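Numbering (this note's numbering), first residue to last: 69 to 201. Every residue, glycine too, gets a C-beta built ideally from N, C-alpha and C. Note that the structure is a prediction, hence the values are computed from the model and not measured.
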């Protein structure tokens with residue numbers, strides 16, 4: 069089991085059946101080509117979560133899309149901003165589960181922090197240089 073699958077399944081064991089939203093989204097970041105955010109909708113949050121988990125397992129990382137240098141900083145903050153700017157009506161109180169190996173880029177973060185606060189985002193971040201992503 070990959071580190072992504074292990075961490076995702078550990079997080080999923082805590083999914084509440086009483087969550088009011090039933091949509092999950094997935095996107096890979098820190099790649100040469102920006103990936104579209106994929107929305108997974110189901111009857112329940114568990115259905116959406118399972119669809120997202122299945123999608124991640126089916127769409128493995130293309131090694132040629134990885135950054136050339138391990139020193140390149142993460143574009144995770146850009147990805148979060150893209151998600152917030154999707155103008156979906158139900159992004160308030162979203163939970164972002166982020167698995168990453170790189171430190172975020174050194175861009176000005178006050179704007180994204182303001183948006184995260186405005187939309188009451190919760191961010192769960194697993195960060196480890198040894199993750200097998």
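The residue from 123, 92 and 96 with its alpha-carbon nearest to that of residue 110 is 92. Excluding its 5 nearest sequence neighbours in each direction, residue 103 has C-beta neighbours in its own chain below 6 Å: 95 and 96, listed in chain order. Straight across, the Cα-Cα distance linking residue 150 with residue 115 is about 24 Å. Annotation: the continuous alpha helix (DSSP H) that includes residue 180 extends over 178-186. In the displayed model, residue 95 falls within coil according to three-state DSSP, outside both helix and strand. For residue 114, the enclosing alpha helix (DSSP H) stretches over residues 113-126.
Cα atoms of residue 143 and residue 112: separation of roughly 31 Å, rounded to the nearest angstrom. When the Cα atoms are used, residue 107 and residue 178 turn out to be separated by approximately 27 Å. With a beta-carbon spacing of about 7 Å, residue 192 and residue 166 fall inside the 8 Å limit used to define contacts.
8 Å or more divides the Cβ of residue 128 from the Cβ of residue 99. The Cβ-Cβ distance between residue 184 and residue 154 does not fall below 8 Å.
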